[in-house]
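Asks:
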Amino acid sequence: MRCAVALVCLAGGAGTGMAQVAAPVADGIAPVTSANTRRQALRDQWLVDLLPDPAMAALPIVDPTRSDPVAGQLRRLYAQGKAAGLAGVLYDNRDRGHSALAPGAFPQMARVVYDQAFLTQMLDHGLAGRMTFSLPVIGNSSTAFTKGPLERSIGRMATGSQADASRANTLYLSNHFYVYPEHRDHDVDKGDRMFAMTPHFALSQGSSRTDRPVMEAVAEALAALQPETRARAEAMGLLAPTAQMILRRSLSGVRSDADYLTARAHPTAFAGNLLRPSVMVALANSIAPDALPPVVKLSVVRDFSGVPGRDFLAGNLGEVLFTTSTAIGRAWRGLSSRRDITLDVTGTEDPSGRELTFHWVVVKGDPEKVRILPEDARGGRVTIEMDWHDPATVAPPTTPRPSRIEVAVIADNGVHLSAPSFFSVSLPLFQNRDYAQPGDPVPRSMNYRTDPGDPYADPLIWPKAAWTDSFEAGASGGWVLRRDHGGGAVLTLRKSGLGYVTANGPVTHVARKSQKGPLVLVTVRADGTDQ
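Going by the working numbering, the sequence shown opens with residue 82, and the numbers climb by one from there.
#1: If you run the structure through DSSP and keep just helix, strand and coil, what is residue 238?
#2: Using a Cβ-Cβ cut-off of 7 Å (strictly less than) and excluding sequence neighbours within five positions of residue 105, which residues of its own chain qualify?
#3: Go through the segment 195-227 residue by residue and report every complete run of the beta strand (DSSP E) that reaches 3 residues or more, in order.
#4: What do you reckon, are the CB atoms on residue 46 and residue 238 nearer than 8 Å?
#5: Mapping the DSSP letters down to three states, classify residue 315 as helix, strand or coil.
#6: For residue 335, count neighbouring Cβ atoms within 10 angstroms of its own Cβ and tell me buried if that reaches 16, exposed if not.
#7: Hey, would you say residue 221 sits closer than 8 Å to residue 292, going by beta carbons?
#8: Check the DSSP bridge columns for residue 158 and list the partner residues they point to.
#9: Residue 483: buried (16+ other C-beta within 10 angstroms of its C-beta) or exposed?
#10: Should residue 525 go down as buried or exposed, given a rule of 16 or more other Cβ atoms within 10 Å for buried?
#11: Pull the bridge partners of residue 285 from the DSSP assignment, please.
#12: Pick out whichever of 414, 235 and 214 has its Cα sitting closest to the Cα of residue 282.
#13: Just to confirm the assignment, what range does the beta strand (DSSP E) spanning residue 537 have?
#14: Where does residue 592 fall in DSSP's three states?
#15: If residue 523 sits next to residue 560, beta carbons under 8 Å apart, how far is it from one beta carbon to the other, in whole angstroms?
#16: Output the boundary residues of the beta strand (DSSP E) element that contains residue 563.
#17: Would you kindly check if the distance between the Cβ of residue 407 and the Cβ of residue 381 is under 8 Å?
#18: With a threshold of 6 Å on Cβ separation, who are the neighbours of residue 599 within its own chain once the five nearest residues in sequence on each side are excluded?
#19: Determine the direct distance from the alpha carbon of residue 432 to that of residue 501, and round the result to whole angstroms.
#20: Taking 8 Å as the threshold (C-beta atoms), are residue 169 and residue 256 in contact?
#21: What does the Cβ neighbour count give for residue 161, buried or exposed, with the cut at 16 atoms within 10 Å?
#22: Buried or exposed: residue 354, going by 16 or more other Cβ atoms within 10 Å of its Cβ?
#23: Specify the secondary structure class of residue 586 as computed by DSSP and reduced to three states.
#24: For residue 578 and residue 463, I'd like the C-alpha separation in whole angstroms.
#25: Do residue 420 and residue 361 have their C-beta atoms within less than 8 Å of each other?
#26: Do residue 496 and residue 305 come within 8 Å of each other at the CB atom, strictly closer than that value?
#27: Ignore the nearest five residues each way along the sequence and tell me which others in residue 588's own chain have a CB closer than 8 Å to its CB.
#28: If you check the beta carbons only, do residue 299 and residue 277 fall under 8 Å apart?
#29: In whole angstroms, give me the CA-to-CA distance for residue 245 and residue 569.
#30: Quick one: measure Cβ to Cβ for residue 487 and residue 444, integer angstroms, because I've assumed they're closer than 8 Å.
#31: Residue 390 and residue 590: beta carbons closer than 8 Å?
#32: Going by DSSP in three states, residue 511 sits in which element: helix, strand or coil?
#33: If you draw a straight line from the C-alpha of residue 434 to the C-alpha of residue 310, how long is it?
#34: Hey, quick one: how far does the beta strand (DSSP E) through residue 571 stretch, first residue to last?
#35: For a test of the three-state rule: what should DSSP assign to residue 457, helix, strand or coil?
#36: With the cut-off set at 8 Å, would you say residue 544 and residue 592 are in Cβ contact?
Here it is, written out as structure tokens:
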């Protein structure tokens, strides 16, 4: 697994001018040059204008040397004019050939080739998002950050900021489908280290080159779409959401719509041995142009109400990780043992104007501690009420243990179920919070250090400190906090407004990035010095 080491602060240089002309795809190559790109500076994105090559439709739909049943399916459908094929679709390999599709795997699909100016800025490498193409894209990057305390998969990186999540959402709604290996972010020995889930891309189970089977299956499914269905989905930005639905609905063990409405159809990462490409091809080809499923559009009506410095210690951190129209991520920083949020999906529109109902599914977490309370009969608006989870209740010991609550919402247009949109809450299970009973506003005790055996906590989200806090009811309301630094040293802090007061005066708390990158929690006196 290669380490993507230069994926930040890419500005200026190639692509900064306005596009002069859309470049034609020729000889199977989709060029990316200064002449056919223009940069959106506010989003730090480049738009790539390309014209498809109609002649590519005359090429074989799959590698002519293949003799497997799926290849036979596709050839028959294409010969009968019942499958759209892949002409006009681009392949964007973002690991410089480390895990590239074989050149002849899908002859109709043009390969993206970046000129030297873009290569120099690493705009061809790692996480997708800074390049948006005018044609549909299937892509991959078998890369990861593999060293140091901030090691992580490309998929986890993609949900690490509002900017990255927004760019990934834009690609998803622009017919771009990318696959990344989960590389040590979803393994039994390491746990499920993703702090949020999105439909923006797919994670493959494992490391280098495990992305290829998923990518190939998605390419086969898109090739199998009826010509009119493909054209309509492409025009409406529905190719990637439709591919997500097909991938999930065809997994081994997902035999019915009822199965699709369970966690079984919505894994963190897709294992190659659970893919059923032949089923994917058949399902894709069955989708009529007027039956395309919609994209579920999420919005927040009432958010987490925690106030930094008052309802949790760090005054410079919030609980919003990211908010997009198809995925929402939050962090449970508040001290209360019960949280709730109200979400709305009534802005979702069916492509053919069909009446929609919505299904809300607890994918990660204890269903008895996550209550979905609909406000209308079709599930267009719900309040999700959540109780604190102990580590033992999150997942069986034989599966990668997550540190999040995850809810999928799926639209039903009466013909097909849609791809899921997701609401996720990252849980600081390493804090070992001890509540007397559900609904308590503060725990009896909690700590901020990571001990052996504790669930993983992302060091860019959860600051650490070498102390344990115990909470007691204050004589005049609020609470008193006893802070044990170990070695018999106990500090008493009384809750006061947006901070705390010690015997030596008021203090606040801030999260700071340490020299090596992880966040640390620091107590700060009124004069700005550290406690």
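By construction, the Cβ of each residue, glycine as well, lies at the ideal position given by its N, Cα and C atoms.
Since we're looking at a predicted model, the values are computed, not measured.
Replies: Reading it off the structure:
#1: Locating residue 238 in the sequence shown gives position 157, where the first residue counts as 1. Helix, per DSSP.
#2: Counted from its first residue, the sequence shown places residue 105 at position 24. In its chain, beyond the 5 residues on either side, 132 and 134 have a beta carbon closer than 7 Å to the beta carbon of residue 105.
#3: Complete beta strand (DSSP E) runs here, min 3: 212-214, 218-221 and 224-226.
#4: The displayed coordinates of the chain run from 82 to 612. Any statement about residue 46 would go beyond what the structure contains.
#5: Position 234 of the sequence shown, counting from 1, holds the residue named residue 315. Three-state DSSP puts residue 315 in a helix.
#6: For the purposes of this step, residue 335 is taken as the residue at position 254 of the sequence shown. With 16 or more other Cβ atoms within 10 Å, it is buried.
#7: For the purposes of this step, residue 221 is taken as the residue at position 140 of the sequence shown. For the purposes of this step, residue 292 is taken as the residue at position 211 of the sequence shown. Closer than 8 Å, so yes.
#8: Against the sequence shown, residue 158 aligns to sequence position 77. The partner list for residue 158 (beta bridge, DSSP) is empty, contrary to what the question assumes.
#9: In the sequence shown, the residue the question calls residue 483 occupies position 402. With 16 or more other Cβ atoms within 10 Å, it is buried.
#10: Here residue 525 refers to the residue found at position 444 of the sequence shown. Result: exposed.
#11: In the sequence shown, counting from the first residue as 1, residue 285 sits at position 204. For residue 285, which the question treats as bridged, DSSP gives the partners 262 and 351.
#12: If you number the sequence shown from 1, residue 282 lands on position 201. Closest by alpha carbon: 235.
#13: One-based indexing of the sequence shown puts residue 537 at position 456. Where residue 537 is concerned, there is no enclosing beta strand (DSSP E), given that its DSSP letter is neither H nor E.
#14: One-based indexing of the sequence shown puts residue 592 at position 511. For residue 592, the three-state secondary structure derived from DSSP is strand.
#15: One-based indexing of the sequence shown puts residue 523 at position 442. One-based indexing of the sequence shown puts residue 560 at position 479. That belief holds up - the Cβ atoms of residue 523 and residue 560 are roughly 6 Å apart, short of 8 Å.
#16: Here residue 563 refers to the residue found at position 482 of the sequence shown. From DSSP, the beta strand (DSSP E) with residue 563 extends over 560-565.
#17: Residue mapping note: residue 381 aligns to position 300 of the sequence shown, counting from 1. Residue mapping note: residue 407 aligns to position 326 of the sequence shown, counting from 1. No, Cβ-Cβ distance for residue 381 and residue 407 is not below 8 Å.
#18: Residue 599 sits at position 518 when you count from the first residue of the sequence shown. Answer for residue 599: 230 and 540, listed in chain order.
#19: The residue you call residue 501 lines up with position 420 of the sequence shown. The residue you call residue 432 lines up with position 351 of the sequence shown. Those two C-alpha atoms are separated by around 16 Å.
#20: For the purposes of this step, residue 256 is identified with residue 175 of the sequence shown, where counting begins at 1. For the purposes of this step, residue 169 is identified with residue 88 of the sequence shown, where counting begins at 1. Cβ atoms of residue 256 and residue 169: not closer than 8 Å.
#21: Along the sequence shown, read from residue 1 onward, the residue named residue 161 stands at position 80. It is exposed - the Cβ of residue 161 has fewer than 16 other Cβ atoms within 10 Å.
#22: Locating residue 354 in the sequence shown gives position 273, counting from the first residue. Looking at its Cβ environment, which holds fewer than 16 other Cβ atoms inside 10 Å, residue 354 is exposed.
#23: Sequence index remark: in the sequence shown, residue 586 carries index 505 (1-based). Strand.
#24: For the purposes of this step, residue 578 is taken as residue 497 along the sequence shown, with counting starting at 1. For the purposes of this step, residue 463 is taken as residue 382 along the sequence shown, with counting starting at 1. If you take the alpha carbons of residue 578 and residue 463, they lie about 32 Å apart.
#25: Residue 420 sits at position 339 when you count from the first residue of the sequence shown. Residue 361 sits at position 280 when you count from the first residue of the sequence shown. Not in contact: residue 420 and residue 361 (Cβ atoms no closer than 8 Å).
#26: Against the sequence shown, residue 305 aligns to sequence position 224. Against the sequence shown, residue 496 aligns to sequence position 415. No, these two residues do not count as a Cβ contact at 8 Å.
#27: Within the sequence shown, numbered from 1, the residue matching residue 588 stands at position 507. Contacts found: 574, 580, 581, 582, 604, 605, 606, 607 and 612.
#28: Here residue 299 corresponds to residue number 218 of the sequence shown, with the count starting at 1. Here residue 277 corresponds to residue number 196 of the sequence shown, with the count starting at 1. No; because the gap between Cβ atoms is not below 8 Å, this pair is not in contact.
#29: Within the sequence shown, residue 245 is the residue found at index 164, counting from 1. Within the sequence shown, residue 569 is the residue found at index 488, counting from 1. Taking the straight line joining both Cα atoms gives about 44 Å.
#30: As a working mapping, residue 487 is identified with position 406 in the sequence shown. As a working mapping, residue 444 is identified with position 363 in the sequence shown. The pair is a contact, with the Cβ atoms about 4 Å apart (cut-off 8 Å).
#31: Here the question's residue 390 lines up with position 309 in the sequence shown. Here the question's residue 590 lines up with position 509 in the sequence shown. It is a contact, given that the beta carbons lie within the stated cut-off.
#32: Position 430 of the sequence shown, counting from 1, holds the residue named residue 511. Residue state, collapsed to three classes: helix.
#33: Residue numbering aside, residue 434 sits at position 353 when the sequence shown is read from its first letter. Residue numbering aside, residue 310 sits at position 229 when the sequence shown is read from its first letter. Distance between the alpha carbons of residue 434 and residue 310 is about 16 Å.
#34: Locating residue 571 in the sequence shown gives position 490, counting from the first residue. Where residue 571 is concerned, the enclosing beta strand (DSSP E) stretches over 571-577.
#35: Here the question's residue 457 lines up with position 376 in the sequence shown. Of the three classes helix, strand and coil, the one that applies to residue 457 here is coil, per DSSP.
#36: Sequence index remark: in the sequence shown, residue 544 carries index 463 (1-based). Sequence index remark: in the sequence shown, residue 592 carries index 511 (1-based). Taking 8 Å as the Cβ cut-off, residue 544 and residue 592 qualify as a contacting pair.
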